[in-house]
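For the record, in the sequence shown the residue sitting at position 198 is 198 according to the numbering used here, with numbers rising by one throughout. To keep things clear, I will list the structure first and then write my remarks on it.
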Amino acid sequence: MNKILVTGGAGYIGSHTVVLLVEAGYDVVIFDNFSNSSKESIKRVEKLVNKKIELIEGDIRSKDDLQKVFDAHKIDSVIHFAGLKAVGESVEQPLRYYDNNVYGTVTLCEVMAKNGCKKIIFSSSATVYGDPETTPILENFPTSATNPYGRTKLMVEEILRDLYISDSSWQIVLLRYFNPVGSHSSGTIGEDPNGIPNNLMPFIAQVAVGKREFLSVFGDDYDTHDGTGVRDYIHVVDLADAHLKAVNKIDDFSEVMTINLGTGEGYSVLDMVKAFEEASGKSIPYKIAPRRAGDIATCFADPSYAKEILGWEAKKGVKQMCEDSWRWQSSNPSGY
Ligand code: NAD
Ligand code: UD1
């Protein structure tokens, strides 16, 4: 069976994807510098799949670190999750984000090419659509970015397209995730943010478990059904499954594939609060706060291209997202 290199495989989406890859019979090598994760996540994944997983600790900005992977393993394809992802931090530390996300990806591609490995699946984001004029969002909508994090995603997409133009033997898939939430149904792996969570779902989960007093709802005067922001929340296991399907199909693609990964349904902040209360049996106190800079009213995908190209569609609904997220949070109140 083919060997897959998973950069950032100790992180939130990477760890869930590794579980599915191993269960499907792939050999996996994780490459991570643990800048935003811990080795414990890999131990938990090993327990879930009942198998030891190869790990090479290193930084995607280091050619020497990456070469160690290719010296030790014959890698068929790379799923590239490694990156920094906090929007606010990217505004404060733009050079760190460009260095890690852009330079890191360029370095990874250089080492891949040198070793004759030219298949890559890249973690992009719905943030590349900026503030869309209409929803649902199709892959051919105009792109823009309002912060350095978003710009790193757009830049890497462009770099990978240029790479393909220069050498069409590359096989490249750009996956644009909407809002990943939830966790593995075992509750043993999940999202473990450092410090105060920036994102809605981990914040709600921490309020439910008593770690935070209340949720600040960022704005209730948007043009949405209840005035709060609407997003396309997607279960992380569905997202992981899309990566599995992309790896299975990558040899069939003869152009750079750009694919939305969402459910096609939008839920407001208050819809999510209610769903989480029902799933957890806990009340989630909240206060209305001012809008957060850079936020948009509504964002949800048209996921039909993913169905057509990958034969993939999201199966898990908001109830399951909340139940699984609560199982992880309540059994691991302090994370890993
Ligand atoms: P995460 O922080 O949990 O995982 C990223 C992993 O990459 C971490 O384990 C981190 O230690 C590792 N890493 C970071 N820089 C590295 C480097 N230079 N060298 C080696 N390893 C490095 O994040 P995640 O939520 O799993 O996101 C994975 C990818 O998906 C990221 O590229 C992110 O930008 C993208 N994405 C995430 C979301 C989301 O909401 N979680 C949405 C859209 C896109
Ligand atoms: C954010 C990022 C986006 C990134 C994505 C995944 C911004 C502006 N956008 O998307 O670039 O790709 O995370 O990492 O940061 N909310 C609250 N209270 C909170 C937290 C969030 O009301 O404490 C609201 C937000 O206003 C929004 C919704 O919940 O309406 C979802 O927010 P969040 O989970 O941060 O995701 P996005 O803003 O969609």
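Note that beta-carbon positions come from the ideal geometry of N, C-alpha and C, so glycine has one too.
Can you tell me where the alpha helix (DSSP H) with residue i in it begins and where it stops?
i, result
"Gln206", "200-208"
"Thr105", "104-114"
"Thr17", "12-23"
"His243", "236-249"
"Ala72", "63-72"
"Ala306", "304-310"
"Ala289", "Where Ala289 is concerned, there is no enclosing alpha helix (DSSP H), although the beta strand (DSSP E) it sits in stretches over 286-289."
"Glu57", "No alpha helix (DSSP H) holds Glu57; the beta strand (DSSP E) holding it covers 54-57."
"Trp328", "318-331"
"Arg161", "148-166"
"Asp131", "Counting along the chain, Asp131 falls outside any alpha helix (DSSP H), and DSSP gives it neither H nor E."
"Gly195", "No alpha helix (DSSP H) contains Gly195, which DSSP labels as neither H nor E."
"Arg44", "39-49"
"Leu270", "269-280"
What distance in whole Å lies between the Cβ atoms of residue j and residue i, which are believed to be in contact at a cut-off of 8 angstroms?
i, j, result
"Val156", "Val102", "6 angstroms"
"Val22", "Gly14", "Their Cβ separation, rounded to whole angstroms, is 12 angstroms, which puts Val22 and Gly14 out of contact at 8 angstroms."
"Met257", "Ile196", "Rounded, the Cβ-Cβ distance is 36 angstroms, inconsistent with contact."
"Gly187", "Ser37", "Wrong, their Cβ atoms sit about 18 angstroms apart, outside the cutoff."
"Asn260", "Asp302", "7 angstroms"
"Asp192", "Tyr98", "Incorrect: roughly 25 angstroms between the Cβ atoms, too far for contact."
"Val181", "Pro333", "Contact flag wrong, Cβ pair sits at about 18 angstroms."
"Asn33", "Gly9", "Their Cβ separation, rounded to whole angstroms, is 11 angstroms, which puts Asn33 and Gly9 out of contact at 8 angstroms."
"Phe253", "Val318", "That pair is no contact at about 31 angstroms."
"Trp371", "Gly190", "Here the chain comprises residues numbered 1 to 336, so residue 371 is not present and cannot be evaluated."
"Val207", "Ile284", "5 angstroms"
"Asp238", "Lys315", "6 angstroms"
"Glu46", "Lys39", "So it is not a contact: roughly 10 angstroms between Cβ atoms."
Once you ignore the five residues that flank residue i on each side, which residues in its own chain have a CB closer than 7 angstroms to its CB?
i, result
"Asp223", "Ala297"
"Asn179", "Arg231, Asp232, Tyr233, Ile234"
"Lys245", "Leu310, Gly311, Trp312"
"Ala275", "Val318, Lys319, Cys322"
"Asn115", "Phe70"
"Val49", "Val19, Val22, Glu23"
"Arg291", "Phe218, Gly219"
"Ala279", "Lys319, Cys322, Glu323, Trp326"
Tell me where the beta strand (DSSP E) around residue i begins and ends.
i, result
"Gly180", "It should be pointed out that residue 180 corresponds to Pro in this sequence rather than to Gly. Where Pro180 is concerned, the enclosing beta strand (DSSP E) stretches over 179-181."
"Leu5", "3-7"
"Tyr366", "Since the first and last residues shown for the chain are 1 and 336, residue 366 lies out of range."
"Asp252", "Looking at the DSSP string, Asp252 is not in any beta strand (DSSP E), and its letter there is neither H nor E."
"Phe31", "27-32"
"Phe380", "In this structure the chain extends from 1 to 336, so residue 380 is not present and cannot be described."
"Ser77", "77-80"
"Val217", "215-218"
Sort the options by Cα distance to residue i and report the nearest one.
i, options, result
"Ile137", "Glu277, Gly262, Gly190", "Gly262"
"Ala242", "Val18, Lys3, Asn2", "Val18"
"Gly227", "Leu244, Ser268, Leu20", "Ser268"
"Asp340", "Val106, Met201, Glu89, Thr146", "With the chain covering only 1 through 336, there is no way to say anything about residue 340."
"Ile56", "His80, Asp76, Val29", "Val29"
"Arg176", "Ser169, Gln206, Glu139, Leu200", "Glu139"
"Gly11", "Asn115, Phe214, Val236, Glu158", "Val236"
"His225", "Asp271, Gln329, Lys63", "Asp271"
"Asn147", "Gln206, Glu40, Asp131, His184", "Asp131"
"Glu111", "Asp71, Cys322, Val91, Ala314", "The sequence shown places Val at residue 111, not Glu. When only C-alpha atoms are compared, the closest one is Asp71."
"Ser62", "Glu277, Leu108, Lys315, Lys274", "Leu108"
"Ser123", "Phe81, Gly281, Ile60", "Phe81"
"Gln320", "Pro94, Phe203, Thr134, His184", "His184"
"Ile165", "Arg292, Glu54, Glu255", "Glu255"
"Asp64", "Gly88, Gly104, Ala240", "Gly104"
"Tyr286", "Leu215, Ala240, Lys315, Ala293", "Leu215"
"Gly264", "Ser280, Leu66, Lys52, Tyr305", "Tyr305"
"Asn199", "Ala279, Ser280, Gly88", "Gly88"
"Ile42", "Ala86, Gln67, His16, Pro290", "His16"
For residue i, I'd like the list of residues in its chain whose CB is within less than 6 angstroms of its CB, leaving aside the five on either flank, ordered along the chain.
i, result
"Gly150", "Thr127"
"Lys119", "Ser77, Gln171, Ile250"
"His73", "Lys3, Val29"
"Ile220", "Reading off the sequence shown, one finds Asp at residue 220, where the question assumed Ile. Excluding sequence neighbours, Asp220 sits near Gly227, Thr228, Ile288."
"Ser144", "Gly130"
"Ala340", "With the chain covering only 1 through 336, there is no way to say anything about residue 340."
Considering only heavy atoms of the ligand GDP, does any lie closer than 7 angstroms to the CB of residue i?
i, result
"Phe81", "No copy of the ligand GDP occurs in the structure displayed; its ligands are the ligand NAD and the ligand UD1 alone."
Spatial neighbours of residue i within its chain, please: C-beta separation below 8 angstroms, excluding the five flanking residues on both sides.
i, result
"Ile4", "Leu21, Tyr26, Asp27, Val28, Val29, Ile75, Asp76, Ser77, Val78, Ile79, Val247"
"Lys211", "Pro333"
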